[in-house]
Amino acid sequence: MAFFTGKGDKGTTKLFDTPSGARVLKSSAIFECLGQLDELNTVVGWCKVACPDDFYFQDRSGGDLLHDVQDHIFTIQAEAAGAAKSVPQSSIEKMSTLINEIEKELPEIKTFLVPGGTEFSARLDIARAVSRRAERRLVVLHESGERSISESSRAYANRLSSLFYALTRLANHRAGIIEKPPAYQGGA
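Using my numbering, the first residue of the sequence shown is number 183, and each one after it goes up by one.
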């Protein structure tokens with residue numbers, strides 16, 4: 183497979199469902215969404231390589247969980263590109279259960295927390311922020327009518343930032359980091 187073909191040099195490309203020979207503008211909402219999902223998948227990979235070997239929960243390692251998340255992001259990308267794919271509802275239910283289990287291990291919070299703590303938790307926090315942006319692009323794409331994104335894939339994208347937030351807090355908690363709220367300094 184070649185690294186490039188040159189066919190996209192004029193700002194167009196093809197999707198799964200474009201008719202033979204038809205090209206789509208790269209400025210389309212589809213490609214903004216695909217780009218955001220690609221960025222998210224890359225950041226998740228960056229988190230995965232920093233995941234401590236002993237970061238386990240519910241009989242699976244954190245690295246395996248993050249790889250599973252990447253597979254689901256690829257599914258959402260394929261759906262946005264026109265493939266007949268979507269995230270299964272069972273994956274959303276498993277993620278929701280996992281988030282609830284993680285929450286039980288953590289001290290209760292009632293405020294925002296300043297990001298940081300460990301290298302791993304900081305990466306997870308970046309993944310949380312990028313996942314929110316990718317979700318917004320997915321919703322914009324769906325609402326534009328340019329693509330119909332399944333309810334289950336949209337729900338998975340929504341839940342993903344909650345998973346990253348839970349994992350961020352868990353990573354800090356297990357590392358003995360005391361999470362701190364913002365000081366909100368300055369006057370108005």
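C-beta atoms are modelled at their ideal positions from N, C-alpha and C, and glycine is treated no differently.
Legend entry - Environment of ALA265 [buried if 16+ CB atoms lie within 10 Å]: exposed
Inset, instruction - For TYR347, I'd like the list of residues in its chain whose CB is within less than 6 Å of its CB, leaving aside the five on either flank, ordered along the chain. - result: ARG310
Legend entry - Complete runs of the alpha helix (DSSP H) confined to the stretch 326–370 [at least 4 residues]: 333–356
Legend entry - Buried versus exposed, by CB contacts within 10 Å (16 or more), SER330: The residue in question, SER330, is exposed, as its Cβ has fewer than 16 Cβ neighbours within 10 Å.
Inset, instruction - Could you tell me whether the stretch 245–257 touches the stretch 206–225, where touching means 3 or more Cβ pairs closer than 8 Å? - result: Per the Cβ contact rule, the stretch 245–257 is in contact with the stretch 206–225 (3 or more Cβ pairs under 8 Å).
Legend entry - Backbone CA spacing between GLN218 and ARG319 [nearest angstrom]: In this structure, the straight-line span from the alpha carbon of GLN218 to that of ARG319 is close to 7 Å.
Legend entry - SER343 to ILE291 span [Cα, whole Å]: 17 Å
Inset, instruction - Over the uninterrupted alpha helix (DSSP H) stretch that includes LEU222, give me the two end residues. - result: That run of the alpha helix (DSSP H) goes 211–232.
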